[in-house]
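Residue numbers (full-length UniProt numbering): 1 to 804.
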Amino acid sequence: PTCQMKWENSIFNEEFTLQELVLAIGKLKQRKSPGPDGIWTEMIIHLRPLARSTVLKFMNLVWRTHIPSEWRKADIVPIPKKGKQSNKPENFRPIALTSIFCKLYERMVLERLHDYLEIRHIISDKQAGFRKHRNTTEHVTYLSQELKNAFHRKQSSIVVFVDLKTAFDRVSREILLQKMRHLGMDGNLYRTIRSFLTQRFIRVKYGDAISPYKQTRQGVPQGSVLSPTLFNILINDVVDTLECIPGVKTLLYADDLAIWATSSHIKAVEECLNDAMRVLELWMQENHLEVNPSKSEYQLFSLSTRIPEISIKFKNVELPRTESATYLGIKLDKKLTWTKHIAKQVDQGENRLAILRRLAGIKWGARQDLLVMAYKTYMRPAIEYGRELIITSSDSSLKALDVLQNKALRVITGAPRSTPIMAMEVQTGIEPLQYRREAAAVKLLERIKRIDVKHWTCLETSAQRLKTQQSFTVTVDEILSGHGLELNSRQPVPQLSRYRCQNLAEINLELTCPVDKETLPSWELKQLTLKTIAQRFPPCDWLHVYTDGSAASANSNAGAGVYSHRFSISAPVGSKGTNFEGEVRAISLALDQLHTGYAGSVVLLIDSRAAILAVGSGDPNDNAEVLESRLKVDGLIRRGLRLVLQWVPSHCGLFGNEEADRLAKLGASMEQPDTPLSLSSVKRIVETTFKTHVSLEQKRLAEGKRWEALVTNPLPGTLKRETMVACFRMLTGHDYLQAHLHRIGVKESPICPLCREGVMDGQHLFVCPALTDVARGNATLERNDKTAIIYWTARSRMANLPST
């Protein structure tokens, strides 16, 4: 109890630290309009250390007293909704502009509030909205898993999708504050939120016109980062209220509420859900919220071909029935085949493909690297939302998405339809959608198993009675088995508040002058490194400690090594350890040694920038060893030790680094423990495994093909459009030259129609007598440019030949 009280007091009352301020600044969004005070985000981001210290003092003053009145004012800018007429107020979306300093303060308060809510498990597991490591796909996966399990039990389900009318704007601030008090919130945290919610004023800005300020007395502030979490607190108890009814289950994503029941008898489900609607009506009245019956709907999920009569009512108003509800952006069909969701994605993808086509023709337009970027950032997200779920869909349904990507590949490369799909994938670096779906599904399931969510009992693989209704978990198990992946040793996602530190290590990611490790010879790198160490960390004043990590392969048998003139360490990291984990373990072991009594100044010389940033920054991280290392750093600095993490280049002959590398390799050769895998480690393992699989498959299928060279040496993505298209076509042999046209049955003969002396393929163009003038005239050009000119000249002359 004493420890609990101390922890709660630190959450409720302790002053904010510089680390909390820096983290909050890092989360501010740039290029955003300022609030009424006219201060821009960029002004805060570029504050120097002394100015940040002053800001921190001011934030702590606000924390101890109250929110400034100017922070409780907002400018509302109405933005017309897409496709709506502008003659009605409801057709505008209000955008609130508030003080950037207030947003910064809100983020600092939000982290404290999250810590309290998550560690105390106050917010229901059924609520996934605006929570770390939770997302929409997880909820739809859970719902589909429950519904498919019912199919295997020969049961049907009805799901009611409840729409709340302007939920955030109707929040009763009095009820919200009462619930916060009831949940044990007190001190500065409670007072600052109460101050934040009271005496709030808004004004509307439209063009050059500005309205007078008007006070708002209900609702959580629009545009505030605190508002979603405050709404979660208000609506939290609706889950327990509804699930008191036997057979009723619920899911919440912010204000998106799904209620369902399952049974072998539809009438029993109907009665159960009508009871739930009556209970929901009372809860809404007590909490001053309102359901929109016309936008709420229900759907039957059943394998039965019969269409039973069903009546679900809210306030005696019949809720509409749908055959294809959209839940959190995913279209659901009666048998969960995902065909309607895929059809929706195909429609969206075709619309975006039309935009991609406008960016490039065959001989004009954007470079390949820009087209690839446009596809990955604009088109692919539209056809991949919910990709984890649709792995249970049929191959014929999924093929429509694959065909859509193939069309995009042809636009990007300018390739004919006969061009092998894999050749286009190799050239563009765009992976097959199938592998991306499978990798995303594995990562989703592994994330779910690591977060502290109690209701995921449906993850346990149950008997699968129906071959056509394979569940998400069974499908993922098959994917893991097919790739030989065993990820059973899991490290839970840690609670970050348990690792809050006052002090961070100093970090240096460069030598005294920037170096390019790829171009400089190793002896020069070594000299620059020794010069940096001598200037910054003279041996008479500093203890030099070298750390390194090593793995036998990318994802297995890692070791850690530490070397200094005082001590040396070699240790295994884990049978599935990565190089990164070896680097972090080495840093952790070095810090342990320093805790044994060394005092003074210490520099850890590390050849991994990623490990330095992980341990040396305060950014969120799900690796427990990284977080533990930060605590060790904090403890050493509190003792008065000065600690610097300095990057050094690897494999340049630096004695200490070479020794640490030798010790790390020794650790990798030792018997490896089966250490728990963090979520970030699993993601790396899955990505590496799937990329390796794709790479090996490409090498295997490209062997002996004309485009085999693309696997190891693809064409530069920065070539001009007409040059890229010509070179890619000629490399693949799908080039619309006579030999290619003969191969696909368009021409009777493969003989060159220009010179009549040989088979007209890409190689023939360089020796064709009819094109010698072109070759000679462009002999001094770079090879790719010369190839393009010869190719397009040949195509032009072929087109001008009289038809036969």
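Don't be surprised by glycine CBs; every beta carbon is placed ideally from N, CA and C.
- Ranked by Cα distance from Pro381, the first of Ile342, Ser394 and Gly758 is Ile342.
- The DSSP assignment places complete alpha helix (DSSP H) segments of no fewer than 4 residues inside the UniProt domain "RNase H type-1" (539-669) at 579-594, 609-616, 624-638 and 655-669, in order along the chain.
- Residues Val140, His341, Gly386 and Leu389 of the same chain have their beta carbon placed closer than 7 Å to that of Ile330, with the five preceding and five following residues left out of the count.
- Going by DSSP, Phe151 is part of the alpha helix (DSSP H) stretching over Thr136 to His152.
- Contact annotation, Leu604 with Ala590: C-beta distance approximately 6 Å; criterion of less than 8 Å satisfied.
- Per DSSP, the continuous beta strand (DSSP E) segment holding Gln299 begins and ends at Glu297 to Phe301.
- The DSSP-derived three-state label of Thr216 is strand.
- If you draw a straight line from the Cα of Thr216 to the Cα of Val279, it comes to about 30 Å.
- Where Lys249 is concerned, the enclosing beta strand (DSSP E) starts and stops at Lys249 to Tyr253.
- Here the alpha carbon of His66 sits roughly 25 Å from the alpha carbon of Glu42.
- Listed as beta-bridge partners of Ala209 by DSSP are Tyr206.
- Of the candidates Val584, Leu480, Asp607 and Thr428, the residue whose Cα lies closest to the Cα of Asn508 is Asp607.
- For the pair Leu104 and Gly653, the Cα-to-Cα distance works out to about 46 Å.
- Nearest neighbour of Lys449 by Cα position, chosen from Arg107, Glu90 and Tyr142, turns out to be Tyr142.
- The beta carbons of Ala261 and Cys244 sit no closer together than 7 Å.
- Of the residues Lys334, Ala366 and Thr377, the one whose Cα lies closest to the Cα of Gly349 is Thr377.
- Just so you know, the alpha carbons of Leu485 and Glu478 end up roughly 10 Å apart.
- Per DSSP, the unbroken beta strand (DSSP E) holding Ala261 starts and ends at Asp256 to Ser263.
- Contact between Ser324 and Leu332 holds, with the beta-carbon distance rounding to 7 Å and staying under 8 Å.
- The secondary-structure analysis by DSSP pairs Asp75 across a beta bridge with Leu97 and Arg203.
- Partner residues in the beta bridge of Gly365, as assigned by DSSP, are Ala360.
- For Val515, there is no enclosing alpha helix (DSSP H), as DSSP marks it with neither H nor E.
- Sequence-distant Cβ neighbours of Val220 in its own chain, meaning closer than 7 Å and more than five residues away, are Phe168, Val171, Ser227, Leu230 and Phe231.
- Around Val346, the same chain offers Ile383, Ala400, Leu401 and Leu404 as residues with beta carbons nearer than 8 Å, after the five sequence neighbours per side are excluded.
- With fewer than 16 other Cβ atoms from the protein chains shown falling within 10 Å of its own Cβ, Leu696 counts as exposed.
- Looking at the DSSP output, Arg490 shares a beta bridge with Leu677.
- Note that the region 52-68 does not touch the region 531-543; fewer than 3 beta-carbon pairs, one per stretch, sit closer than 8 Å.
- In this structure, the CA atom of Glu659 is about 8 Å from the CA atom of Tyr546.
- Put simply, the backbone Cα of Asn188 is about 18 Å away from that of Ala24.
- Taking a contact to require three or more Cβ pairs closer than 8 Å, the region 686-704 and the region 592-600 do not qualify as touching.
- With contacts defined by Cβ atoms closer than 7 Å, Arg630 and Cys501 form a contacting pair.
- For Glu425, the enclosing alpha helix (DSSP H) starts and ends at Ile421 to Thr428.
- CA-CA distance, His152 to Ser681, rounds to 34 Å.
- 7 Å or more divides the Cβ of Ile685 from the Cβ of Asn579.
- Each of Lys363, Asp674 and Val160 was checked against the Cα of Asn557, and the nearest Cα belongs to Asp674.
- Distances from the alpha-carbon of Gly549 to those of Gly582, Tyr563, His595 and Thr529 put Gly582 closest.
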